[in-house]
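Visitor:
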Amino acid sequence: MNPFFTTDITTDIFARLPAKSAARCRTLSKQWSSVLSTQDFAELFLTHSSTRPRLLFAVERNGLWTFFTSPQPQSSHSPVVTAEFHTKFAGDVSRYLCSYASGLILFPDVWIPSKSDDTNPVVCNPVTGKYATLPYLSIYRKSRAFLGFDPVGKQFKVLSEDRPFCSQSDHHQVLSLGEELSWRVKDGPQYDHCVSEAICIEGVLYYLAENFSDPRVVVRFDVRSEEFEFIEAGCFSGEEVAVKLINYKGNLAGVEWKYVKADDEKIVLELSLWVLEDVEMNEWVKSVYVLSEEKIVRRCNFSVAGMTGGGEIVLAMDYTTKPYYVFFFDPEKNTLRGVEVQGFGDKLEALGTRGRVRVFVDYVEDLNVHDGKQLKSSISAPVK
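Counting in the numbering used here, the sequence shown runs from 398 upward without gaps.
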């Protein structure tokens, strides 16, 4: 260590670096490695990283995923941000969307030519390119898979559900990410099939499901205890309305959005926000907002990406284009601000070669997800 800096000062400096830089510094000195590999440093790094959340962009084109991050503007003083390229990942052949939790992404069906002739679920770190290939799911029906994270035990788990449901006992399977990778059958509640993406809030996975002839339910899966529970969610039974489950200030909520005609016959975007305020009573409270911003109405290809820790609903364009916009809507202040995101590259921004975009809010770099025991393989070079 530098004799002019105490260990506390040195570790605080390292904790303010990007995750890739901090990880690289571990390899430069045995003394640095001993300090930067401790759990105390990982917690300090996460504390600093949490003060600068970012937007994570996953752009897919012809099975090739390209990952970018950008600053997540906290005010209207940043009308333009630049996306930083990180890695590319090829081989996703699933018709289902990827699942995200605490900095890692799960691809449900990936073919890696150098590894196997079969497709497997893969968990990857989109910034570093580290990944783990999960065992093949020994089921003959199409399945959905969701990634969850237990913040107490620092444990990632994958939950798989068969689709469509049948009476067999292997409807749900669970895998813990770590040294030994194996699926285990988990008894769970009976329902028809999942109809939404999952969200992980404070160690609990939630997703919306059809419940046979009954109204829809939210399936609640505790990542730590691996226990299931149903939450009545008949408010989301509209077939023609898109639904996104979000983290509303620590509570589960859902956003529905659709384009409607206003009283003056103009097309506007209507957002319906349902917040689960009382879990025991299954009480959902609804608020409706109307957005008439021309950039949103004219393009008509926006989706809800999530809600920031600051309480803003994020709407992002579904496909890369030039210009590309992300909007932040504050339901308490009823204000809307737009941010242009640059840097996806000419190829992805061209009309004939544009990519499909998934946006994840409040992305925070966490050294715990750089653990080599969890993600052992690495993309040696970006795919061209």
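Yeah, the Cβ is synthetic: ideal placement off N, Cα and C, and Gly gets one too. No experiment lies behind these values; they were computed from the predicted model shown.
#1: Go through the region 514–590 residue by residue and report every complete run of the alpha helix (DSSP H) that reaches 4 residues or more, in order.
#2: Would Leu501 and Val520 qualify as a contact pair, given that the criterion is a beta-carbon distance under 8 Å?
#3: Rank Val723, Gln552 and Thr732 by C-alpha distance to the C-alpha of Val738 and give the top, closest one.
#4: Just the Cα atoms here: how many angstroms apart are Asp515 and Asn679?
#5: Take Leu531 and list the residues in its own chain whose beta-carbon comes closer than 7 Å to its own, dropping the five residues that flank it on each side.
#6: Just the C-alpha distance for Gln570 and Asp675, rounded to the nearest angstrom, thanks.
#7: Please report how far the alpha carbon of Tyr537 lies from the alpha carbon of Gln587, in whole angstroms.
#8: Roughly how many angstroms separate the alpha carbons of Asn644 and Gly526, rounded to a whole number?
#9: Can the beta-carbon of Met704 be found closer than 8 Å to that of Val754?
#10: If I measure Cβ to Cβ from Gly600 and keep anything under 8 Å in the same chain, skipping five residues before and after, which residues do I get?
#11: Between the alpha carbons of Asp758 and Ala480, how many angstroms are there, rounded?
#12: So Lys641 and Val652 are in contact, right, with Cβ under 8 Å, and what is the actual spacing, rounded?
#13: Just verifying my parser: in three-state terms, what is the DSSP assignment at Phe609?
#14: Distance check for Lys485 and Leu668, CA to CA, integer angstroms please.
#15: Answer yes or no: do Phe543 and Ala595 have a C-beta to C-beta separation smaller than 8 Å?
#16: Out of Arg734, Cys597 and Asn648, point me to the one whose CA is closest to Gln469's CA.
#17: Let me know the beta strand (DSSP E) ranges lying completely inside the region 428–465, each 3 residues or longer, listed in chain order.
#18: Would you mind sorting Asn648 into buried or exposed? The rule is 16 or more other CB atoms within 10 Å of its CB.
Guide: By the coordinates alone:
#1: none
#2: yes
#3: Val723
#4: 43 Å
#5: Asn517, Pro518, Val519, Val520, Val555, Leu572 and Leu578
#6: 29 Å
#7: Reliability of the predicted coordinates at Tyr537 is poor, the pLDDT of 46 falling under 50, and the value obtained from them is presented with this limitation in mind. Distance between the alpha carbons of Tyr537 and Gln587 is about 19 Å.
#8: 27 Å
#9: no
#10: Gly545, Phe546, Asp547, Pro548, Val549, Asp619, Val620 and Arg621
#11: Rather than Asp, the amino acid found at residue 758 in this sequence is Val. When rounded, the distance between both Cα atoms is 14 Å.
#12: 5 Å
#13: coil
#14: 33 Å
#15: yes
#16: Arg734
#17: 451–458
#18: exposed
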